[in-house]
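Taking it in order: structure first as structure tokens, then the write-up.
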Ligand SMILES: NC(=O)c1ccc[n+]([C@@H]2O[C@H](COP(=O)([O-])OP(=O)(O)OC[C@H]3O[C@@H](n4cnc5c(N)ncnc54)[C@H](OP(=O)(O)O)[C@@H]3O)[C@@H](O)[C@H]2O)c1
């Protein structure tokens, strides 16, 4: 299925995976609405994604806030008239021993990874029900299937594991109403999330012995978006992590 003229809402579109998805989608003729908290970074990303400004619209704000989710959907509709696909990509990752997480870190984790998913997906599905068609893709992590003692990160499992499970629940709930719901579960990908000096260590966390590239996650999202008989799928793009070690 072509991406030409389709409308994508991408949270966390100012950096890393979200920005790479937006670049590829606009290259294929789509329109994107991108979000992030830092307004200047978002504006710079928009300029990079589409210097003409015709196919990209920005909505700055924290996805944890319900009104930001509302604005994302309202402005996508005002600008482009519909929402074909929501990509729940914004997320944070803090690895540390469980007993050392602070209240603030817990609140930020839940806000970004869970509340962000909840509010925006709720508004997007309401719109997709009116359209009779739509697709939700969330970016989770293979740590939910294969935790490792080398990277203690229980809050990533708590939040992204919830998204994997909710993906299946929503896929079933909306299967007969034209809305597909999927997730991409990456291993460790070379994005600004990881300092270059950590890459050698992070490579060794994959059976394939390397980190993933942004484009490899982009291709998984494109596949799910085009795969009309696929819903409730958690597509691992993780160099074998979820298969075992
Ligand atoms: N890279 C990896 O190895 C990896 C592995 C597994 C899963 N993932 C997941 O993939 C997604 C993208 O990661 P990435 O590596 O591309 O990270 P990144 O380069 O750090 O980008 C994160 C993006 O999310 C935005 N963001 C963060 N918190 C936000 C909030 N509360 N509200 C709105 N926007 C927010 C950031 O913009 P602002 O800072 O301006 O808000 C930025 O645009 C995340 O969900 C991450 O958990 C990544």
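Residue numbers (my numbering): 156 to 400. Quick reminder that beta carbons are idealized off the backbone N, C-alpha and C, glycines included.
Proximity to residue i [Cα-Cα], best of the options
i: residue 387; options: 324, 243, 257, 189; result: 324
i: residue 344; options: 354, 335, 337; result: 354
i: residue 341; options: 311, 183, 202, 321; result: 311
i: residue 329; options: 339, 173, 290; result: 290
i: residue 199; options: 296, 168, 357, 223; result: 168
i: residue 299; options: 222, 179, 393; result: 393
Contact check, residue i vs residue j, beta carbons under 8 Å
i: residue 211; j: residue 245; result: no
i: residue 288; j: residue 333; result: yes
i: residue 242; j: residue 348; result: no
i: residue 161; j: residue 185; result: yes
i: residue 339; j: residue 326; result: no
i: residue 267; j: residue 247; result: yes
i: residue 204; j: residue 181; result: yes
i: residue 346; j: residue 197; result: no
i: residue 164; j: residue 265; result: no
i: residue 292; j: residue 376; result: yes
i: residue 297; j: residue 391; result: yes
i: residue 380; j: residue 240; result: yes
Closer than 7 Å: residue i CB and nearest ligand 1 heavy atom
i: residue 316; result: no
i: residue 404; result: Any answer about residue 404 is impossible in this case: the structure gives the chain only from 156 up to 400.
i: residue 177; result: no
i: residue 394; result: no
i: residue 379; result: no
i: residue 294; result: yes
i: residue 171; result: yes
i: residue 349; result: yes
| Between the stretch 274-294 and the stretch 223-237, do at least 3 Cβ pairs fall closer than 8 Å? | These segments touch.
| message | Below 8 Å, how does it come out for the stretch 350-364 and the stretch 315-330: are there three or more Cβ pairs, yes or no? | response | No contact exists between the stretch 350-364 and the stretch 315-330.
| said: Does the structure place the stretch 189-205 close enough to the stretch 372-384 that three or more beta carbon pairs sit under 8 Å? | reply: Too few Cβ pairs lie closer than 8 Å, so no.
| message | My parser needs the beta strand (DSSP E) runs of 3 or more residues fully inside the stretch 219-284; what are they? | response | Listed in chain order, the beta strand (DSSP E) elements of length 3 or more contained wholly in the stretch 219-284 are 240-243.
| field | At least three beta-carbon pairs within less than 8 Å, the stretch 269-276 to the stretch 249-259 | value | Between the stretch 269-276 and the stretch 249-259 there are fewer than three C-beta pairs closer than 8 Å, too few to call the two in contact.
| In chain order, which continuous runs of the beta strand (DSSP E) of length 3 or greater are located wholly inside the stretch 284-336? | For the beta strand (DSSP E) assignment, the uninterrupted runs of no fewer than 3 residues enclosed by the stretch 284-336 are, from N- to C-terminal side, 289-294.
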